[in-house]
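Protein chains in written order, with the numbering used here: chain A, 301 to 674; chain B, 301 to 674. Idealized CB from N, CA, C, for every residue including glycine. Note sheet for the following structure.
As structure tokens, this is what we get:
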């Protein structure tokens, strides 16, 4: 299960960096390096898991003893150490590892965006001579380009999610509630191989205008737009993230037109996704297109890299100079809202290749506005 | 929907504290004060939502503009301010609010366990005269005692979760996979009223020994112990958290004995849950009981307060001097593992009242080892 190409990419980047040691402590970066996916890193944020990786020498993996059986089972890192929660501090274990690895007076890359201020104050007390530097962008750069194993995982996750959406939407008929459709969506995701649901936006009618509406008691009526933005966490911690829009029962000519405009824009953006293209270019061209139609474009981004993180670096946003590279996996998600009425949303996962974009996420033809029960 | 008793409890505690202003920025504390449950606070940790509440004057609620429609819809706080993510810093908005409220040189309670080191460094640069003090224990104390509305929410959540477990376990027959049972569990939770699943441990046979095993491809056999530790997030952000154990098909006399010992211990601990009892007393008496049987007790705690947080203050652990008070809602969860074979686990939610403990979480009789398909 150890992805040697991925770890090779990481260690080469570390060798070329000016860090003496880097510390991973976000769920994403510890999962990436340890290959153990410990769910409680998301639900119990105080229960830290940490990988400390020196430029010279072997990494140390620190977990709460409650998670030690799983960590031993899933991780390839031999040097696993367990702290007892509420009794021992993970920072004491980290300081010990940094010292052992000779970096107590060195340049230590650490995730200041993920470590809380309380632990960071403790760590700087324990290692007063260390120079702590933000390591987030370093990991972002490493993780942005995927290995064949990662691409295969992301494609399986995306296809499974698309099938779950298809199945749930097939049963979305007038008279059903959002909640009933949402329950099918949740269970189909699991049956299709997800380890857990990560998020579920599911809305019909005017509810579609609320960015993160949760499925509720609203009863579907013929002519309602239904929108989902939906994702799970799959083996290895890899995310899926797709958005689809349908119309319940019968659609109007205006709804079909709006969907067609959105879909053509979606396809146009995908066609732009080639190596060498700056990420901000997609944002800027899309903003121009929407504004040409007189549609306000206030969203700060229209897509993002996807992997073991949900919104990974780089994003399609103004000012993002990073260029697309082969083997990046990018989610692209234009949307359009008729204010107070309904919102249309499309999102696919696209692999960047030398030959051009390859869509990883379509198990069905979403190119026209589908109307189950119509 | 505004819980006036809850906010009254909070403002009285604030008036008696030595804070000039307190800042909530964990999902739990912002949901508690704002009553807007914004899911992305869990999935996108950088997308902060913040409530700044001065001792004198009205609170300010700061959210990312992406979430502003939902925040306006769900929150009762009139002064709502939106920052554009990746463009504007939530810390700039917070510093502005603290200054407006006259606390820029005051004693500011802040959640150092929830604010990351990067944002905290920025905030201390923006407000160099402010004195920042950890506010976590203050919120922990306020939230530990529930209002009638909160108790009703927690009871509905617990009962819905118990029914979902019952339904999923009814279909847990030899030949099915863990994953199939898990999918029913997930969808029943949503159909019973959860807004999202928070976590799902579901394991059979030797998999039950792994603390946080996820349902996988393992096929159930007659005689397998099956264990779940399962919870959702319900309206208002309130958690459920229950553990149940059954035996697939036919159980052995030893399995029935072990379950009986666990259950009697569970009931004995519940009977102790009365106002005035120190939390550590339950831990110590349980440890003594297990050790009398020659069973090692290495777990750091055996239960916790439950509410808008999963592991709230106080916990049933050694050294926890906090005493039980009326209207606390406490999860109690003894377990026993036959190492390498199987683990038995029971968890219920108990309301502390002057009249004694009241169990909020039993929709069925779990007092004997149930054997679906047996």
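Counting along the chain, where does the beta strand (DSSP E) carrying residue i start and finish?
| i | result |
| --- | --- |
| residue 354(B) | 350-354 |
| residue 481(B) | Here residue 481(B) belongs to no beta strand (DSSP E); instead the alpha helix (DSSP H) covers 478-491. |
| residue 658(B) | 656-659 |
| residue 662(A) | Note, residue 662(A): premise wrong, no beta strand (DSSP E); not H, not E. |
| residue 613(B) | 612-617 |
| residue 497(A) | 496-504 |
| residue 381(A) | 380-383 |
| residue 413(A) | Taken as a continuous stretch (DSSP letters only), residue 413(A) belongs to no beta strand (DSSP E), as it is neither H nor E. |
Between residue i and residue j, what straight-line distance do the alpha-carbon atoms span, to the nearest angstrom?
| i | j | result |
| --- | --- | --- |
| residue 357(B) | residue 377(B) | 12 Å |
| residue 618(B) | residue 597(B) | 12 Å |
| residue 545(A) | residue 656(A) | 26 Å |
| residue 389(B) | residue 503(A) | 30 Å |
| residue 639(A) | residue 665(A) | 27 Å |
| residue 562(A) | residue 309(B) | 49 Å |
| residue 498(B) | residue 329(A) | 22 Å |
| residue 496(B) | residue 523(A) | 27 Å |
| residue 332(B) | residue 414(B) | 15 Å |
| residue 311(B) | residue 437(B) | 15 Å |
| residue 703(B) | residue 439(B) | Shown here, chain B extends from 301 to 674; a query on residue 703(B) therefore has no answer. |
| residue 555(B) | residue 642(B) | 10 Å |
| residue 470(A) | residue 663(A) | 14 Å |
| residue 314(A) | residue 429(A) | 21 Å |
| residue 391(B) | residue 302(B) | 27 Å |
| residue 514(B) | residue 500(B) | 7 Å |
| residue 340(B) | residue 363(B) | 11 Å |
| residue 422(B) | residue 398(B) | 14 Å |
| residue 670(B) | residue 477(A) | 34 Å |
| residue 418(B) | residue 427(A) | 18 Å |
| residue 668(A) | residue 518(A) | 25 Å |
So with CB distances below 8 Å, who are the chain A contacts of residue i?
| i | result |
| --- | --- |
| residue 610(B) | 343 and 344 |
| residue 621(B) | Simply none; closest approach about 14 Å. |
| residue 617(B) | 386 |
| residue 434(B) | 418 |
Find the residues of chain B that neighbour residue i, judging by a C-beta separation of less than 9 Å, and give them in chain order.
| i | result |
| --- | --- |
| residue 257(A) | Beyond the ends of chain A as shown, which are 301 and 674, falls residue 257(A); an answer cannot be given. |
| residue 416(A) | 411, 412, 413, 414, 415, 416, 417 and 420 |
Going along chain B, which residues have a C-beta under 8 Å from residue i?
| i | result |
| --- | --- |
| residue 491(A) | 479, 480 and 483 |
| residue 579(A) | Near residue 579(A) there are no residues of chain B at all, since even the closest Cβ is about 12 Å away, more than 8 Å. |
| residue 495(A) | 514 |
| residue 509(A) | 369 |
Mind checking which residues open and close the alpha helix (DSSP H) that includes residue i?
| i | result |
| --- | --- |
| residue 449(B) | 448-470 |
| residue 395(A) | 390-400 |
| residue 308(A) | 304-316 |
| residue 561(B) | 553-571 |
| residue 518(A) | Where residue 518(A) is concerned, there is no enclosing alpha helix (DSSP H), given that its DSSP letter is neither H nor E. |
| residue 579(B) | 579-592 |
| residue 369(B) | 368-374 |
| residue 329(A) | 327-334 |
| residue 644(A) | No alpha helix (DSSP H) holds residue 644(A); the beta strand (DSSP E) holding it covers 642-645. |
| residue 444(B) | 436-444 |
Assuming residue i and residue j are in contact, meaning their beta carbons sit under 8 Å apart, how far apart are those beta carbons, in whole angstroms?
| i | j | result |
| --- | --- | --- |
| residue 435(B) | residue 410(B) | 6 Å |
| residue 386(B) | residue 600(A) | 5 Å |
| residue 629(B) | residue 660(B) | 7 Å |
| residue 456(A) | residue 505(A) | Not a contact, Cβ separation roughly 33 Å. |
| residue 468(B) | residue 481(B) | 5 Å |
| residue 465(B) | residue 542(B) | 7 Å |
| residue 451(A) | residue 575(A) | Going by Cβ atoms, the distance from residue 451(A) to residue 575(A) rounds to 15 Å, so no, they are not a contact pair. |
| residue 404(B) | residue 370(B) | About 30 Å separates the two Cβ atoms, so there is no contact after all. |
| residue 647(B) | residue 631(B) | 6 Å |
| residue 602(A) | residue 538(A) | The Cβ separation is near 22 Å, so there is no contact. |
| residue 610(A) | residue 344(B) | 7 Å |
| residue 406(A) | residue 529(A) | At roughly 43 Å, the Cβ-Cβ gap does not stay under 8 Å, so residue 406(A) and residue 529(A) are not in contact. |
| residue 379(A) | residue 359(A) | 7 Å |
Find the residues of chain A that neighbour residue i, judging by a C-beta separation of less than 9 Å, and give them in chain order.
| i | result |
| --- | --- |
| residue 486(B) | 483, 486, 487, 489, 490, 496 and 497 |
Going along the chain, which residues of the region 366-388 of chain A sit with their C-beta nearer than 8 Å to a C-beta in chain B? 366, 367, 369, 370, 373, 384, 385, 386 and 387
Using a Cβ-Cβ cutoff of 8 Å, what residues of the region 627-661 of chain B are near chain A? List them in chain order. Hits within the stretch: zero.
Where the region 593-604 of chain B meets chain A: residues whose CB sits under 8 Å from a CB there: 598, 599, 600 and 601
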